[in-house]
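Everything on this sheet refers to the single structure shown next.
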Amino acid sequence: MNQSTSPTNSTSLKDPCLQELQKLLGERLSMSNSVREQHGRDESFHASAPPEAVAFVECNEEVAEIVRICVQYQKPIIPFGTGTSLEGHVAALHGGVCLDVSGMNQVLEVNENDLDCRVQAGVTRKQLNQHLRNSGLFFPIDPGADASLGGMTATRASGTNAVRYGTMRENVLGLTVVTADGRIIRTGTRARKSSAGYDLTRLFVGSEGTLGIITEIQLRLYGVPEAISAAVCSFETMEGAVNTTISTIQMGIPVARIELLDEVQVDAINRYADFDYALKPTLFFEFHGTEAWVKEQAEMVKEISTEEGGSDFQWSTREQEKQKLWEARHNAYYAALAMRPGSK
826 MNQSTSPTNS TSLKDPCLQE LQKLLGERLS MSNSVREQHG RDESFHASAP PEAVAFVECN
886 EEVAEIVRIC VQYQKPIIPF GTGTSLEGHV AALHGGVCLD VSGMNQVLEV NENDLDCRVQ
946 AGVTRKQLNQ HLRNSGLFFP IDPGADASLG GMTATRASGT NAVRYGTMRE NVLGLTVVTA
1006 DGRIIRTGTR ARKSSAGYDL TRLFVGSEGT LGIITEIQLR LYGVPEAISA AVCSFETMEG
1066 AVNTTISTIQ MGIPVARIEL LDEVQVDAIN RYADFDYALK PTLFFEFHGT EAWVKEQAEM
1126 VKEISTEEGG SDFQWSTREQ EKQKLWEARH NAYYAALAMR PGSK
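As C-alpha cells, this is what we get:
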C-alpha cells in the first residue's frame, strides 16, 4: 500500500468487499485520494463526492464479476467513462465503487459494407473517427466533449449533427450490458429491419447506469460526404433566427447542422476563441452533399435568412475555417465559464 494513503483508506482495506475486489484486480483497484477525488466529480458545478475505490476494468467478464461482488455486499457501483458529464452523474453520494471503463478502449469490428461497427464502452467519439479515417466512413454524434461512447449511450447524448443524423437513440443498433445481478446480456440486432421481441436496446439507451453497465456498443456509421460547407448568419431578433430554422426544416433542406446562439453566448465565444461576430442572435449551419448540392443548400438557406431579417451571411468550404467555427461551438460551455471566473 502506498505510504501516502490516508487513515480513511487504511480503514477501507478492512472492508470485505474491497478486499475481494483487490484480490480480483490487484493494482487496478485504487483507493488513493487523488484518484478517488478525480472520479468523484465531472465537468459540472457539483462538488466532488469521491467513491470508496476505483476499479479499472478491461473486459466484460471482469465487469460482471465486480458487479456480483458488489451486489453480495450491497455496495453501490458508479460507471465512469471520461468524466465529461455536466449533471453530476459520477458523484458517489452513497459511497461505493467507481467502475472506470477507460481501459476498455478497443474498436472490435468495423463492417464497411454494412455501415456499422462494434466498440468497447471506453472508446471515445474522436478515437472512433480516427480509427475510421481511411474507410470513408464516420460516426456523426458529437457532443461538445470527447466523451466515451459508453457514456454517450447511457445518457442518450446528441450533438450539433442531430438535426440530420439523429441522437444516440437512432444510432445504437445493439448493446452488451452487464445487468445488476452480474449477467452479461446482448440486445438488438445489426439488421435495419427487425420487429422481433422487446426493444431492450432503447430501454438501456439513456438509462444513465440505473439498469446495467454498458460494456459494448454496436453503432451505425455513415459515408463521409463529398463536400462540406459551413455558414454563419446573424439576426436582428431571436424570432427571425428561430423562424429561419423552422422554415429550413419545413422546406426539406437536409441541413447537417444548425445551432442557435444568443447574443450573450456570441459574446462569450468571441472572447474565448478570438472571433468578431456581431453581438446578435446567430445561427451556425453546416451542409453535406455533393459540391453542387452543398452550394444550392447554402443559397436556399441564405434566401430564407434574408427574408427573416438575417444579415452578413457567410459560408465557406475551407477546412480550417469550418473546424474553427465548430470548435468554438463545442467549447461554448467553457466560454460561458470564462465569462464568470470562479463560477464553477
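Using the numbering used here, read the sequence shown as starting at 826 and increasing by one per residue. Note that CB positions come from ideal geometry on N, CA and C, so glycine has one too. Quick caveat: nothing in here was measured; it's all calculated off a predicted structure.
Determine contact between the stretch 1026-1043 and the stretch 994-1003, defined as no fewer than three beta-carbon pairs at a distance below 8 Å.
As far as the Cβ criterion goes, the stretch 1026-1043 touches the stretch 994-1003, which means the pair count is three or higher.
Rounding to the nearest angstrom, what Cα-Cα distance links Asn827 and Gly913 in this structure?
Here residue 827 refers to the residue found at position 2 when the sequence shown is read from its first residue. Here residue 913 refers to the residue found at position 88 when the sequence shown is read from its first residue. Caution applies to Asn827, whose pLDDT of 40 falls short of 50 and renders its modelled position unreliable; the value that the coordinates give is listed next. Looking at the two C-alpha atoms, the distance is approximately 29 Å.
Is Glu1041 helix, strand or coil when you go by DSSP?
The sequence position of residue 1041 within the sequence shown is 216, counting from 1. In this structure, Glu1041 counts as strand in the three-state DSSP scheme.
Check the DSSP bridge columns for Val1002 and list the partner residues they point to.
Here residue 1002 corresponds to residue number 177 of the sequence shown, with the count starting at 1. The partner list for Val1002 (beta bridge, DSSP) reads Ile1010, Ile1039.
On the criterion of 16 or more Cβ atoms from any shown chain inside 10 Å, does Ser829 qualify as buried, or is it exposed?
Here residue 829 is taken as the residue at index 4 of the sequence shown, counted from 1. With a pLDDT of only 37 at Ser829, under the threshold of 50, the placement of this residue in the model should not be trusted, and no figure is reported.
Would Val888 and Ile1038 qualify as a contact pair, given that the criterion is a beta-carbon distance under 7 Å?
One-based indexing of the sequence shown puts residue 888 at position 63. One-based indexing of the sequence shown puts residue 1038 at position 213. Cβ distance < 7 Å, so Val888 and Ile1038 count as in contact.
Between the alpha carbons of Asn834 and Ile891, how many angstroms are there, rounded?
For the purposes of this step, residue 834 is taken as the residue at position 9 of the sequence shown. For the purposes of this step, residue 891 is taken as the residue at position 66 of the sequence shown. With a pLDDT of only 46 at Asn834, under the threshold of 50, the placement of this residue in the model should not be trusted; the figure read from the coordinates follows. About 19 Å.
Relative to the alpha-carbon of Ser857, which residue among Val879, His871, Phe905, Trp1140 has its alpha-carbon at the smallest distance?
Position 32 of the sequence shown, counting from 1, holds the residue named residue 857. Per the Cα distances, Val879.
For Val860 and Ile903, I'd like the C-alpha separation in whole angstroms.
As a first step, residue 860 must be located in the sequence shown, where it is residue number 35. As a first step, residue 903 must be located in the sequence shown, where it is residue number 78. Approximately 14 Å, taken between the alpha carbons.
Suppose the cutoff is 6 Å on Cβ atoms and the five residues either side in sequence are ignored; what does the same chain contact list for Asp867 look like?
Here residue 867 corresponds to residue number 42 of the sequence shown, with the count starting at 1. Excluding sequence neighbours, Asp867 sits near Gly908, Ser910, Val915.
Taking just the CA atoms, how far does Leu924 sit from Pro876?
In the sequence shown, the residue the question calls residue 876 occupies position 51. In the sequence shown, the residue the question calls residue 924 occupies position 99. Answer to the nearest angstrom: the Cα atoms are 10 Å apart.
DSSP on Ile1083, reduced to helix/strand/coil?
Looking up residue 1083 in the sequence shown gives position 258. If DSSP states are grouped into helix, strand and coil, Ile1083 belongs with the strands.
According to the neighbour-count rule (16 or more other Cβ atoms, all chains shown, within 10 Å of its Cβ), is Met1164 buried or exposed?
Residue 1164 sits at position 339 when you count from the first residue of the sequence shown. Looking at its Cβ environment, which holds fewer than 16 other Cβ atoms inside 10 Å, Met1164 is exposed.
Spatial neighbours of Ile1078 within its chain, please: C-beta separation below 7 Å, excluding the five flanking residues on both sides.
Start at 1 with the first residue of the sequence shown, and residue 1078 comes out as number 253. So the qualifying residues of the chain are Gln1122, Met1125, Val1126.
Output needed for Val1119: all residues of its chain with C-beta closer than 6 Å, excluding positions within five of it in sequence on either side, in chain order.
Start at 1 with the first residue of the sequence shown, and residue 1119 comes out as number 294. Here the set comprises Ala1052, Ser1054, Phe1112.
Using the C-alpha atoms, what's the distance from Ala1160 back to Pro1170?
Residue 1170 lies beyond the stretch modelled for the chain, which goes from 826 to 1169, so this question has no answer here.
Could you have a look at Glu1111 and say whether DSSP puts it in helix, strand or coil?
Numbered from its first residue, the sequence shown carries residue 1111 at position 286. Strand.
Return the Cβ separation of Glu1084 and Leu1108 in integer angstroms, given the expectation that the two are a contact with Cβ distance under 8 Å.
Your numbering for residue 1084 matches position 259 in the sequence shown. Your numbering for residue 1108 matches position 283 in the sequence shown. About 7 Å separates the two Cβ atoms, so the contact holds.
Going along the chain, which residues of its own chain have a beta-carbon closer than 7 Å to the beta-carbon of Glu941, five neighbours each way excluded?
As a position in the sequence shown, residue 941 is number 116, starting the count at 1. Looking at the sequence itself, residue 941 is Asp, so the reference to Glu does not match. Excluding sequence neighbours, Asp941 sits near Leu998, Arg1015, Gln1043, Leu1044, Arg1045, Leu1046.
Identify every run of the alpha helix (DSSP H) within the stretch 837-909, keeping only runs that are complete inside it and at least 4 residues long; order them along the chain.
As far as the stretch 837-909 is concerned, its whole alpha helix (DSSP H) runs of at least 4 residues are 841-850, 858-863, 885-897.
Give the DSSP bridge partners of Arg943, in chain order.
The residue you call residue 943 lines up with position 118 of the sequence shown. Answer is Glu934, Gln1043, bridged to Arg943.
Is it true that the CB of Met929 sits closer than 7 Å to the CB of Ala946?
Within the sequence shown, residue 946 is the residue found at index 121, counting from 1. Within the sequence shown, residue 929 is the residue found at index 104, counting from 1. Closer than 7 Å, so yes.
In angstroms with no decimal places, state the Cα-to-Cα distance between Arg893 and Leu846.
Here residue 893 refers to the residue found at position 68 of the sequence shown. Here residue 846 refers to the residue found at position 21 of the sequence shown. Whole-angstrom Cα-Cα distance: 10 Å.
According to DSSP, is Ala1153 helix, strand or coil?
Residue numbering aside, residue 1153 sits at position 328 when the sequence shown is read from its first letter. Ala1153 falls in the helix class under three-state DSSP.
Going by DSSP, what residue range makes up the beta strand (DSSP E) through Ile1071?
In the sequence shown, residue 1071 corresponds to position 246, counting from 1. Element bounds for Ile1071: not the beta strand (DSSP E) but the alpha helix (DSSP H), 1063-1075.
Where does Ser1130 fall in DSSP's three states?
As a first step, residue 1130 is located in the sequence shown; it is residue number 305 there, counting from the start. Of the three classes helix, strand and coil, the one that applies to Ser1130 here is helix, per DSSP.
Please report the residue range of the alpha helix (DSSP H) in which Val926 lies.
As a first step, residue 926 is located in the sequence shown; it is residue number 101 there, counting from the start. Unbroken run through Val926: none, as it is neither H nor E.
Name the two residues that bound the continuous beta strand (DSSP E) containing Gly1167.
Counted from its first residue, the sequence shown places residue 1167 at position 342. No beta strand (DSSP E) holds Gly1167; DSSP gives it neither H nor E.
Closest to Ala1081 by CA distance: which of Arg958, Pro901, Pro1050 is it?
On the sequence shown, residue 1081 is found 256 positions in, with the first residue counted as 1. Comparing Cα-Cα distances from Ala1081 to each of Arg958, Pro901, Pro1050, the minimum goes to Pro1050.
If you draw a straight line from the C-alpha of Leu854 to the C-alpha of Val882, how long is it?
Numbered from 1 along the sequence shown, position 29 holds the residue referred to as residue 854. Numbered from 1 along the sequence shown, position 57 holds the residue referred to as residue 882. Cα to Cα, the separation comes out at about 9 Å.
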